[in-house]
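Student:
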Amino acid sequence: MTRREFLKNTLRLTGALAMAGSAIEILKPDSVFSARPSDVRWVFLVDTYKCVGCGMCVRACKLENEVPYDANVTRTWVERYVLTKDGRLLADSPKGARDGFISPRIDLGMGEYREIRPEEIEKAFFVPKLCNQCENPPCVQVCPVGATYQASDGVVLVDRKWCIGCGYCIMACPYGVRFFHPVYKVAEKCNFCYHRINKGLKPACVLACPFDARRIGNIKDPDDPVTKVITKERVSVLKDEYGTKPQVYYIGLSKEVR
Amino acid sequence: MSDILSTLLGNPVVHGEEWTLKELFVYPNEYIYWSIQIVMYPFMTGLVAGAFVLSSLYHVFGMKQLKDMARFSLVFSFALLFVAPMPLLFHLQQPLRGIHVFMTPHFTSAIAAFGVVFSTYGAIVASELWFVYRKYFVQTSQRLRNKMDRTLPETIKYLVTTILTLGSYDISEKALQRDERAVKILAGVGIPVACFLHGYAGFIFGSVKANALWMTPLMPVIFIMSAIVSGIALCMLTYIITMELRRLRASRPGIPYHLREEIKGVELNEIRMTSRYLIFFMIFAISLELLDLVFRGYTAVKSWDVLRSVIYGKDFTNIFILQYTVGNLIPFISLLIPGLTIRRAVVTLLLVLFGVFMMRWNVVIGGQSFSLSFSGYMHYHLPIIPHNIETFKEGLAGMLVILVMPFVLFWILTKIFPVFEFKEGH
Chain C
3 MTRREFLKNT LRLTGALAMA GSAIEILKPD SVFSARPSDV RWVFLVDTYK
53 CVGCGMCVRA CKLENEVPYD ANVTRTWVER YVLTKDGRLL ADSPKGARDG
103 FISPRIDLGM GEYREIRPEE IEKAFFVPKL CNQCENPPCV QVCPVGATYQ
153 ASDGVVLVDR KWCIGCGYCI MACPYGVRFF HPVYKVAEKC NFCYHRINKG
203 LKPACVLACP FDARRIGNIK DPDDPVTKVI TKERVSVLKD EYGTKPQVYY
253 IGLSKEVR
Chain S
21 MSDILSTLLG NPVVHGEEWT LKELFVYPNE YIYWSIQIVM YPFMTGLVAG
71 AFVLSSLYHV FGMKQLKDMA RFSLVFSFAL LFVAPMPLLF HLQQPLRGIH
121 VFMTPHFTSA IAAFGVVFST YGAIVASELW FVYRKYFVQT SQRLRNKMDR
171 TLPETIKYLV TTILTLGSYD ISEKALQRDE RAVKILAGVG IPVACFLHGY
221 AGFIFGSVKA NALWMTPLMP VIFIMSAIVS GIALCMLTYI ITMELRRLRA
271 SRPGIPYHLR EEIKGVELNE IRMTSRYLIF FMIFAISLEL LDLVFRGYTA
321 VKSWDVLRSV IYGKDFTNIF ILQYTVGNLI PFISLLIPGL TIRRAVVTLL
371 LVLFGVFMMR WNVVIGGQSF SLSFSGYMHY HLPIIPHNIE TFKEGLAGML
421 VILVMPFVLF WILTKIFPVF EFKEGH
């Protein structure tokens with residue numbers, strides 16, 4: 003082989019490799035996911051008119067997600083709002099309504115209660131709460147180690163093996179849905195029963211609700227009955243002033259709800 | 021499995037429940053999650069930043085009156101630097117994973133910057149210290165090398181100083197001038213970094229949009245100003261105490277007369293000079309805090325009702341009596357009255373430090389003393405006698421450990437970096 007031939011062949015080979023190489027692209031997993039976006043975006047629909055405050059959802063959630071039954075923390079809870087005729091607003095959620103609202107006494111905290119007679123009440127209602135799986139989740143933004151993250155279907159998850167337990171996400175959530183798991187000692191939150199919805203099952207609270215007050219749906223599926231309600235009817239969300247874009251929608255949300 | 025079940029079915033302690041009392045409507049998961057250690061964290065980083073700024077006033081701006089204080093506060097700043105991350109570690113639920121913040125920082129989080137900012141700042145302080153003390157290391161190492169009958173402490177000292185020379189033995193006039201220039205540059209670069217270190221601690225709070233009391237862009241600036249105030253106060257205080265202790269020790273019988281003459285105790289002029297800078301930064305700090313308060317009241321957004329009830333009601337004593345009156349107003353007047361004596365200075369400085377501590381307390385604990393529902397309150401009870409690891413770490417005991425630590429470290433550090441012994445200095 004002469005030198006001329008060698009150089010020619012080298013050039014050819016390089017050219018051929020470059021052409022073949024240009025067809026190959028090094029892809030990051032993120033960009034692959036965004037190029038083929040998930041066709042699922044989980045959302046939740048709560049009908050406050052249907053909620054009776056029985057607390058079945060809270061019990062089901064605690065058992066399903068191994069949140070200690072007697073610990074005073076919970077992934078989901080129900081609030082009771084009572085407006086009296088003299089204009090007072092009272093609200094409570096004893097033990098997150100795990101045992102339901104079986105007494106007309108309002109829990110004022112510090113061991114105090116207030117008895118409300120039925121004739122004093124102007125209006126009263128129940129509001130179930132859970133993680134809003136925000137489109138712009140502040141908890142994910144503030145996690146210093148990336149242990150909490152948003153899945154492509156919108157659900158915000160916590161990596162129990164990586165969370166350092168600093169509590170910044172708990173501070174950042176305007177809805178108070180996060181807490182420290184008393185056993186695992188890491189941040190804990192509702193994830194729409196991610197292990198269930200990925201298998202085509204319904205979240206424990208949805209299944210446990212006897213009155214269909216809680217429903218889950220896929221907002222990207224126009225035929226989903228939940229999507230139809232959210233897009234065609236009048237719904238609202240909690241605390242939209244924080245810019246978090248919450249994805250739990252409420253029917254019949256009253257202005258008194260905090 | 022049965023282990024997990026029994027723990028699950030039992031009544032495990034919920035973090036925060038032991039020191040939180042709830043009043044009226046508070047969400048079920050809300051507790052005072054950030055307790056005493058998070059009060060200590062900005063307090064300690066504030067002291068670091070303040071001590072450094074004080075030492076830089078001499079190195080960068082050539083304020084000759086601060087020469088003694090400068091060397092002293094630089095070493096003290098280094099001691100405080102090691103203590104600053106300890107409260108954070110104490111409050112983590114998973115302290116062994118604390119290193120994740122350095123290894124896998126998630127940069128949208130304000131806390132993630134901690135690793136970068138803290139290491140940068142540490143490197144600056146360490147190298148500045150090295151340049152300041154290089155001459156001393158070389159001299160000590162050479163003196164001890166030629167000594168025949170070294171005692172064990174002397175041998176250790178010889179080894180440490182020899183290692184710390186880093187093989188650079190040139191202490192000619194020219195080399196020392198280069199050192200001085202390096203110190204000046206490092207001190208200059210250090211000021212913005214120190215401010216950033218602490219300003220970003222303020223950002224950690226100021227950027228939490230969910231917290232009505234914390235969220236203000238003024239927070240980082242307020243934090244920097246009060247940091248400098250507390251840093252200067254602590255340096256002055258430690259300076260007075262160590263000088264007085266040395267004088268006491270020197271006046272014991274058996275100490276040669278010429279040594280007694282040399283150790284005169286506190287230079288009152290130095291204290292008076294430094295207290296002027298203290299007043300200056302106090303004015304800034306207080307003005308900014310009052311501006312924040314006035315602005316909140318004037319704009320009166322949705323959260324103001326609950327904030328007002330906390331500021332003027334539940335926390336009135338903490339904010340207006342302990343912080344503003346005892347911690348700001350009284351020391352301010354005391355510093356303005358001419359003829360400052362050592363005794364009055366000590367009391368005043370203690371009050372200033374207390375005031376800054378109360379400011380941290382009122383921000384951290386005050387910010388969690390109302391519910392996100394804006395219709396309930398939480399009361400914090402500092403655990404005094406610990407009955408488990410949690411109440412130890414996040415109680416009075418843990419707080420005292422953090423408070424004592426800088427002085428222990430400072431004592432150890434002065435064995436390597438003598439603050440008083442070498443006279444000629446840089």
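Protein chains in written order, with my numbering: chain C, 3 to 260; chain S, 21 to 446. Just so you know, even glycine gets a beta-carbon here, dropped at the ideal spot from N, CA and C.
1) Specify the secondary structure class of S/Lys443 as computed by DSSP and reduced to three states.
2) List, in order along the chain, the chain S residues whose C-beta lies closer than 8 Å to that of C/Phe182?
3) By the three-class DSSP mapping on this structure, what secondary structure does S/Leu41 have?
4) If we ignore side chains and look at the alpha-carbon of each, how far apart do S/Ile144 and S/Tyr259 end up?
5) Would you say C/Ala93 lies against chain S (beta-carbon separation less than 8 Å)?
6) If you measure from the beta carbon of S/Thr319 to each beta carbon in chain C, is any gap under 8 Å?
7) Are the region 244-259 of chain C and the region 127-137 of chain C touching by the rule of at least three beta carbon pairs closer than 8 Å?
8) Given a cut-off of 8 Å, decide if C/Val185 and S/Asn49 are closer than it, judged by their beta-carbon atoms.
9) Quick one: grab the DSSP three-state call for S/His399.
10) Go through its chain and collect everything with a Cβ distance to S/Met83's Cβ below 6 Å, but skip five positions before and after it.
11) So, is the C-beta of C/Val239 closer than 8 Å to a C-beta in chain S?
12) Using only the alpha-carbon positions, how far apart do S/Gly445 and C/Ala174 sit?
13) Determine the chain C residues that contact S/Val384 at a beta-carbon separation under 7 Å, and present them in chain order.
14) Contact between the region 230-248 of chain S and the region 53-68 of chain S: three or more CB pairs below 8 Å?
15) Between the alpha carbons of S/Pro358 and S/Asn289, how many angstroms are there, rounded?
16) Within 8 Å, do at least three Cβ pairs link the region 173-180 of chain S to the region 215-234 of chain S?
17) What number of angstroms, rounded off, separates the C-alpha of S/Pro62 from the C-alpha of C/Tyr170?
18) Of all the options C/Gly17, C/Asp109, C/Arg100, which has the alpha carbon lying nearest to the alpha carbon of C/Leu91?
19) Give the straight-line distance between the Cα atoms of C/Met112 and S/Tyr397, rounded to the nearest whole angstrom.
20) Mind listing the chain C neighbours of S/Gly396? Cutoff is C-beta to C-beta under 8 Å, in chain order.
21) Let me know the secondary structure DSSP gives C/Glu114 once reduced to three states.
22) Under DSSP, the beta strand (DSSP E) around C/Thr86 begins and ends at which residues?
23) Report yes or no: do the region 133-143 of chain S and the region 415-428 of chain S share at least 3 C-beta pairs separated by less than 8 Å?
24) Under 8 Å Cβ-Cβ, which residues of chain S neighbour C/Lys230?
25) If distances are taken between C-alpha atoms only, which option among S/His35, S/Ser391, S/Val33, S/Glu148 comes closest to S/Lys42?
26) The beta strand (DSSP E) with C/Ala93 in it runs from where to where?
27) Taking a cut of 8 Å between CB atoms, which residues from the region 162-186 of chain C lie near chain S?
28) Under 8 Å, Cβ to Cβ, is there at least one residue of chain S near C/Gly156?
29) Rounded to the nearest angstrom, what separates C/Pro96 and C/Ile118 at their Cα positions?
30) Among all the DSSP beta bridges, which residues are the ones paired with S/Asp325?
31) Around the C-beta of S/Arg165, are 16 or more other C-beta atoms found within 10 angstroms, so that it is buried, or is it exposed?
32) Taking only beta-carbon positions, decide if S/Arg296 is within less than 8 Å of chain C.
33) How should S/Glu309 be labelled, buried or exposed, when 16 other C-beta atoms within 10 angstroms of its C-beta is the threshold for buried?
34) Using three-state DSSP, classify S/Asp23 as helix, strand or coil.
35) Mind checking whether C/Val158 and C/Asn193 have CB atoms under 8 Å apart?
36) Tell me the DSSP secondary structure of S/Gln388 in three-state form.
Tutor: If we stick to the structure as given:
1) On the second sequence, residue 443 of chain S is found 423 positions in, with the first residue counted as 1. Low local confidence applies: a pLDDT of 46 at S/Lys443 is under 50, so the model's placement there is unreliable, with the coordinate-based value given in what follows. Coil at S/Lys443, not helix or strand.
2) As a position in the first sequence, residue 182 of chain C is number 180, starting the count at 1. The contacting residues are Val34, His35, Gly36, Tyr53, Gln113.
3) Numbered from 1 along the second sequence, position 21 holds the residue referred to as residue 41 of chain S. Looking at S/Leu41 - three-state DSSP - the assignment turns out to be strand.
4) For the purposes of this step, residue 144 of chain S is identified with residue 124 of the second sequence, where counting begins at 1. For the purposes of this step, residue 259 of chain S is identified with residue 239 of the second sequence, where counting begins at 1. Distance between the alpha carbons of S/Ile144 and S/Tyr259: 23 Å.
5) Stepping through the first sequence from its first residue, residue 93 of chain C is reached at position 91. Closer than 8 Å to some Cβ of chain S, the Cβ of C/Ala93 qualifies, so yes.
6) Along the second sequence, one-based indexing puts residue 319 of chain S at 299. Chain C contact via Cβ: absent.
7) yes
8) Taking the second sequence and counting its residues from 1, the one referred to as residue 49 of chain S is at position 29. Taking the first sequence and counting its residues from 1, the one referred to as residue 185 of chain C is at position 183. Their beta carbons are not under 8 Å apart, which means S/Asn49 does not touch C/Val185 by this criterion.
9) As a working note, residue 399 of chain S is residue 379 in the second sequence. Looking at S/His399 - three-state DSSP - the assignment turns out to be strand.
10) Here residue 83 of chain S refers to the residue found at position 63 of the second sequence. Cβ neighbours of S/Met83 beyond the five flanking positions: Leu77.
11) As a position in the first sequence, residue 239 of chain C is number 237, starting the count at 1. False, the Cβ-Cβ gap to chain S never drops below 8 Å.
12) In the second sequence, the residue the question calls residue 445 of chain S occupies position 425. In the first sequence, the residue the question calls residue 174 of chain C occupies position 172. Residue placement at S/Gly445 cannot be trusted, given a pLDDT of 39 that sits under 50; what the coordinates show is reported in the next sentence. Rounded to the nearest angstrom, the two C-alpha atoms are 49 Å apart.
13) Here residue 384 of chain S refers to the residue found at position 364 when the second sequence is read from its first residue. Going along chain C, no residue has its Cβ under 7 Å from S/Val384, so there is no contact; the nearest lies around 10 Å.
14) yes
15) On the second sequence, residue 358 of chain S is found 338 positions in, with the first residue counted as 1. On the second sequence, residue 289 of chain S is found 269 positions in, with the first residue counted as 1. Roughly 13 Å separates the two Cα atoms.
16) no
17) For this step, residue 62 of chain S is matched to residue 42 along the second sequence. For this step, residue 170 of chain C is matched to residue 168 along the first sequence. For S/Pro62 and C/Tyr170, the distance between alpha carbons rounds to 15 Å.
18) The residue given as residue 91 of chain C occupies position 89 in the first sequence. Ranking C/Gly17, C/Asp109, C/Arg100 by Cα distance to C/Leu91 puts C/Asp109 first.
19) For this step, residue 112 of chain C is matched to residue 110 along the first sequence. For this step, residue 397 of chain S is matched to residue 377 along the second sequence. About 10 Å.
20) Position 376 of the second sequence, counted from the first residue, corresponds to residue 396 of chain S. Neighbours of S/Gly396 on chain C, chain order: Gly111.
21) On the first sequence, position 112 is the one that residue 114 of chain C refers to. Three-state result, C/Glu114: strand.
22) Within the first sequence, numbered from 1, the residue matching residue 86 of chain C stands at position 84. Looking at the DSSP string, the run of the beta strand (DSSP E) that includes C/Thr86 is 79-86.
23) no
24) As a working mapping, residue 230 of chain C is identified with position 228 in the first sequence. The premise fails here: C/Lys230 is roughly 31 Å from chain S at the closest Cβ pair, so nothing lies under 8 Å.
25) Looking up residue 42 of chain S in the second sequence gives position 22. Nearest option by C-alpha distance: S/Ser391.
26) For the purposes of this step, residue 93 of chain C is taken as residue 91 along the first sequence, with counting starting at 1. Looking at the DSSP string, the run of the beta strand (DSSP E) that includes C/Ala93 is 91-94.
27) Trp164, Cys165, Ile166, Gly167, Cys168, Gly169, Tyr170, Ile172, Met173, Ala174, Cys175, Pro176, Tyr177, Gly178, Val179, Arg180, Phe181, Phe182, Pro184, Val185
28) The count along the first sequence starts at 1 and reaches residue 156 of chain C at position 154. No, because no Cβ of chain S sits closer than 8 Å to the Cβ of C/Gly156.
29) Stepping through the first sequence from its first residue, residue 96 of chain C is reached at position 94. Stepping through the first sequence from its first residue, residue 118 of chain C is reached at position 116. Each residue's Cα considered, the two are about 16 Å apart.
30) Within the second sequence, numbered from 1, the residue matching residue 325 of chain S stands at position 305. BP columns for S/Asp325 are empty, so no partner.
31) In the second sequence, the residue the question calls residue 165 of chain S occupies position 145. It counts as exposed.
32) In the second sequence, the residue the question calls residue 296 of chain S occupies position 276. It does not; no Cβ of chain C falls within 8 Å.
33) The sequence position of residue 309 of chain S within the second sequence is 289, counting from 1. Buried: at least 16 other Cβ atoms inside 10 Å.
34) Translated into the one-based positions of the second sequence, residue 23 of chain S becomes position 3. Note on S/Asp23: pLDDT 49, under 50, position unreliable in the model; no value is reported.
35) Residue mapping note: residue 158 of chain C aligns to position 156 of the first sequence, counting from 1. Residue mapping note: residue 193 of chain C aligns to position 191 of the first sequence, counting from 1. Against a cut-off of 8 Å, the Cβ pair of C/Asn193 and C/Val158 comes out as a contact.
36) As a working mapping, residue 388 of chain S is identified with position 368 in the second sequence. If DSSP states are grouped into helix, strand and coil, S/Gln388 belongs with the helices.
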